[in-house]
Amino acid sequence: MQEVLDSYRDSSALQDRRRNRAELTMSQTLSRELGSLTLSAAREDYWNSARSMASWSVGYNNYWRNISYGLTWTYSKNGSATSNDSANNSAHDQLLAFNVSVPLDKFLPQTWASYGMNASKNGGTTHNIGMNGVALENNSLNWNVQQGYGTDGVGYTGNMNGDYKGTYGEVTAGYSYDKNSERLNYGLQGGVIAHADGITLSQPLGETNALIKAPGAHGVNIRNQPGARTDYRGYTVVSNISVYRKNDLTLDPQNMPEDVELEINTDTVTPTRGAVVRADYLSKVGRRVLMTLTDNNRFVPFGAVVTLADDNKSSFIVGDRGQVFLSGMREQGAIFVTWGRQSSQQCRADFSLPKQSTYAGITEVSASCHQER
-19 MQEVLDSYRD
-9 SSALQDRRRN
1 RAELTMSQTL
11 SRELGSLTLS
21 AAREDYWNSA
31 RSMASWSVGY
41 NNYWRNISYG
51 LTWTYSKNGS
61 ATSNDSANNS
71 AHDQLLAFNV
81 SVPLDKFLPQ
91 TWASYGMNAS
101 KNGGTTHNIG
111 MNGVALENNS
121 LNWNVQQGYG
131 TDGVGYTGNM
141 NGDYKGTYGE
151 VTAGYSYDKN
161 SERLNYGLQG
171 GVIAHADGIT
181 LSQPLGETNA
191 LIKAPGAHGV
201 NIRNQPGART
211 DYRGYTVVSN
221 ISVYRKNDLT
231 LDPQNMPEDV
241 ELEINTDTVT
251 PTRGAVVRAD
261 YLSKVGRRVL
271 MTLTDNNRFV
281 PFGAVVTLAD
291 DNKSSFIVGD
301 RGQVFLSGMR
311 EQGAIFVTWG
321 RQSSQQCRAD
331 FSLPKQSTYA
341 GITEVSASCH
351 QER
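If you're matching positions, the sequence shown starts at -19 in the working numbering and goes up one per residue.
Okay, here's the thing in structure tokens:
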């Protein structure tokens, strides 16, 4: 805002302020094999000046065996006024741009090599070759390296950049050079949300955000959110979600802690602009157990209902051969088994779990059920 106010006091700056801009773009997909064609035109003029700019461009883009490439031709015309504002001098230029990107998955996973060329009729030619990619779990690290050369005195240029997104923030670092200077940049940024359950640190916040609440589910990745994972309490933030639309926020079950099970791993939120909405995930914290139940040396009947002695809100169903899968289990305790109203159809089983899981985080045990007196 201050720059705008200052421009009103500076007559030379006022002439550089854009007054009007008109732009038209048309894009058409020719076919899956032939790619797409883009036509665009733009014109703009400036306050207190006869100076104007107009450009027309034609672009073509396509894929071939996962190799993407594009070619663009642009014609531009810049009109400038003389000192008495009575005549116009026009500068014309033509620009030809070509780019290609090649995946290197056979050698380096999630890595691409790229080449770009820009040839200007009035400004010489530049060439750029580089590599970029993503790495680490949940694509936390984004990196790129580029080397360039330009004619007409530009010389050699280069840069390399890295961007790491983690649970509690984002770290960036980069280096670049040209014939006149060298530059080193680095940064650390993040977000903080204070809510009813405490304080959650996160990656940089956007205009509209979602607070993930999955108590006990620590270190769980959020799908399609590079580097975002729940903190030590099971909280994190997803930023820049769509407003007035449904957003599906999914916790990745592949890196779920062995002692945590979610009833659902996807929650849908529809926020208003600028809001912080909460996505709740009901979790059970405790061991996962495959228990074989017997009553008087016979398997407990199929369809019997099992409840925990200290949590009657959760119930489980017995399957074949007296087996029942239980989650959120403590190291030791008791369960109640019911398959009818009569006392002979109800029993209690005490259990004590071994320290080590049997397979894939699941503990297999057997328990004998006895009727309470």
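For each residue, glycine too, the CB sits at the ideal point set by N, CA and C.
This one's a predicted model, so the numbers in the text were calculated from it and none came from an experiment.
According to the DSSP assignment, Val223 belongs to no beta strand (DSSP E), since it is labelled neither H nor E. A direct Cα-to-Cα measurement between Arg258 and Lys193 gives close to 7 Å. The beta strand (DSSP E) runs of length 3 or more contained entirely in the segment 1 to 36 are, from start to end of the chain, 15 to 26. Counting only the Cα atoms, Gly341 lies some 12 Å from Met309.
By the Cβ neighbour-count rule, Lys159 is exposed, with fewer than 16 other Cβ atoms within 10 Å of its own.
Here Ser56 has Ser35 and Asp73 as same chain residues with Cβ atoms under 6 Å from its own Cβ, once five neighbours each way along the sequence are excluded. Distance from Arg(-1) to Asp25 at the Cβ level is roughly 5 Å; contact confirmed, criterion being Cβ atoms closer than 8 Å. In the DSSP assignment, Glu241 falls within the beta strand (DSSP E) that extends over Val240 to Leu242. Asn112: member of the beta strand (DSSP E) spanning Gly104 to Ala115, first to last residue. Around the C-beta of Ser120, 16 or more other C-beta atoms lie within 10 Å, and the residue is accordingly described as buried. Distances from the CA of Asn277 to each of His350, Trp53, Thr106 and Asn201 were compared; the closest alpha carbon is that of His350. Leaving aside the five residues that flank Gly142 on each side, the residues in its chain whose CB is nearer than 6 Å to its CB run, in chain order, Trp123 and Ala153. By the 16-neighbour rule on beta-carbons within 10 angstroms, Glu117 is exposed. Per the DSSP secondary-structure output, Glu150 pairs in a beta bridge with Lys145 and Gln169. Where Met271 is concerned, the enclosing beta strand (DSSP E) starts and stops at Arg267 to Asp275. Between Phe87 and Thr338, the alpha-carbon positions lie close to 38 Å from each other.
In this structure Ala22 touches Ala2 by the C-beta definition: roughly 7 Å separates them, less than 8 Å. The beta-carbon separation of Ser16 and Asn46, rounded to 17 Å, does not stay under the 8 Å limit for a contact. About 15 Å separates the Cβ atoms of Val317 and Val345, ruling out a contact at the 8 Å cut-off.
A straight line joining the alpha-carbon of Pro281 with that of Arg301 spans about 8 Å. According to the DSSP assignment, Leu288 belongs to the beta strand (DSSP E) that extends over Val285 to Leu288.
Following the DSSP letters along the chain, one finds Val217 inside the beta strand (DSSP E) bounded by residues Tyr215 to Ser219.
Cβ neighbours of Val172 within its own chain (closer than 7 Å, five residues either side excluded): Ile179 and Leu181. Residue nearest to Gln234 within the set Gln303, Asn245, Ala115 and Tyr155 is Asn245 (criterion: CA-CA distance). Distances from the alpha-carbon of Pro195 to those of Pro237, Asn189, Cys327 and Met140 put Pro237 closest. Nearest in C-alpha terms to Asp228, of all of Asp247, Tyr215, Gly214 and Asn220, is Asp247. Glu243 and Leu76 have their C-alpha atoms some 56 Å from each other. For Asp330, the secondary structure class from DSSP, reduced to helix, strand or coil, is strand.
Collapsing the DSSP output to three states places Arg253 in coil.
If the five residues before and after Gly199 are omitted, its C-beta is found closer than 6 Å to the C-beta atoms of Arg209, all from its own chain and listed in chain order.
Going by C-alpha positions, Arg163 is about 11 Å away from Thr137. Leu333 is not a Cβ neighbour of Val256, given a cutoff of 8 Å.
In the displayed model, Asp85 falls within coil according to three-state DSSP, outside both helix and strand.
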